[in-house]
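Number of protein chains: 2
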Amino acid sequence: MPIDIRPVGTVVGGRGDAVDDHWGPVEATIELDGERLGPDATAGLAGFSHLEVVFLFDRVADDEITWGARHPRGRADWPEVGILAQRAKGRPNRIGVSVCELIGVDGLRLRVRGLDAVEGTPVLDVKPYMPAFGPRGPVRQPAWAEELMRDYW
Amino acid sequence: MPIDIRPVGTVVGGRGDAVDDHWGPVEATIELDGERLGPDATAGLAGFSHLEVVFLFDRVADDEITWGARHPRGRADWPEVGILAQRAKGRPNRIGVSVCELIGVDGLRLRVRGLDAVEGTPVLDVKPYMPAFGPRGPVRQPAWAEELMRDYW
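Sequences listed follow chains C and W, in order.
Heads up: the first sequence begins at 30 in the working numbering, then just goes up one per residue.
Heads up: the second sequence begins at 30 in the working numbering, then just goes up one per residue.
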């Protein structure tokens, strides 16, 4: 079954290169595709403070995809864990999901802060962030994950 | 640019039909594809309490996709908002993203609770949930969204 997925928009501005940390203050614009989306596709979106953005790590080449396990960020002092137990970009299907702040809506142009996707990234979906879609129950994660995220934003 | 996205797994068990509410206690299994993924693709995943699952609303037909605005759940007492300002399944690219509880890992079989995807749903990605990937700063949402989610889990 072929899956017909096409970008609904593109990240414009922000960072040109995928550096590891300090994404928090980075501002960018998601320019949505007005050929396919109607002008009212973002109606009411400004009522939300945050977005969940689904995007494609399109700069990752086929041979950069891990199908088994690896050390996160290549750090030998962190355990070797499966690609589905980390959020690295070199993953099957190259899909990224990230929550960012929505700072402005101008028709099909969304101004965002703290989106960890580089300039030119194809955007596959934009959803409003609803707190009820966060985790239910207490959250647990390994020590390496907490350490990795320390300077991320 | 064609995007090559293929399922990495399938939802087995759980609900057979997409009903609106009370997904919280529903248990299901994500059966990952061992033809493509290595047996160590889930190594270390059990250290996380929750997953973020990216999946395809594959039962949505082309003519059920909204490209502009609609009333969430068809409720005329809620405002008509853009498809990107709601999380309805009839959306461009049909991509769903949901956080659920991970209750067991048996190789490439993941036992989950509270995944709002019906039996047979193609899974496009599985990521560990890390609290740092939640929203930064205070969260705001419109009243209709809070009301809609009241009995969802």
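In this text, a Cβ means the ideal position worked out from N, Cα and C, and glycines have one as well.
Nothing here was measured: the structure is a model prediction, and the numbers come from that model.
- Around C/Leu153, the beta-carbon contacts reaching into chain W at under 7 Å are Asn122, Ile124.
- Here W/Cys129 has His79, Leu80, Val82, Val141, Arg142, Gly143, Leu144 as same chain residues with Cβ atoms under 7 Å from its own Cβ, once five neighbours each way along the sequence are excluded.
- Distance between C/Asp135 and W/Glu64, taken at the CA atoms: about 45 Å.
- The beta carbon of C/Ile132 sits closer than 6 Å to the beta carbons of Arg140, Arg142 from its chain, once the five residues preceding and following it are set aside; these are given in chain order.
- In summary, the residues of the segment 127 to 151 of chain W whose CB is separated from some CB of chain C by less than 8 Å are Ser127, Val128, Glu130, Gly143, Pro151, in the order they occur in the chain.
- Think of a sphere of 9 Å around the beta carbon of W/Arg35: the chain C residues whose beta carbon falls inside it are Met30, Pro31, Ile32, Pro121, Asn122, in chain order.
- No Cβ-Cβ contact shorter than 8 Å links C/Gly38 with W/Ala114.
- The beta carbons of C/Ala57 and C/Gly45 sit no closer together than 8 Å.
- With contacts defined as CB atoms closer than 8 Å, C/Ala98 and W/Gly97 fail to qualify as a contacting pair.
- In the DSSP annotation of this structure, C/Glu109 is not part of any alpha helix (DSSP H), being labelled neither H nor E.
- For C/Leu66, the closest of W/Ala75, W/Ile34, W/Pro121 by C-alpha to C-alpha distance is W/Pro121.
- Those residues of the segment 43 to 69 of chain C placed with their C-beta closer than 8 Å to a C-beta in chain W are Gly53, Leu61, Arg65, Leu66, Gly67, Pro68, Asp69, ordered along the chain.
- Assignment of W/Glu148 by DSSP, reduced to helix, strand and coil, places it in the coil class.
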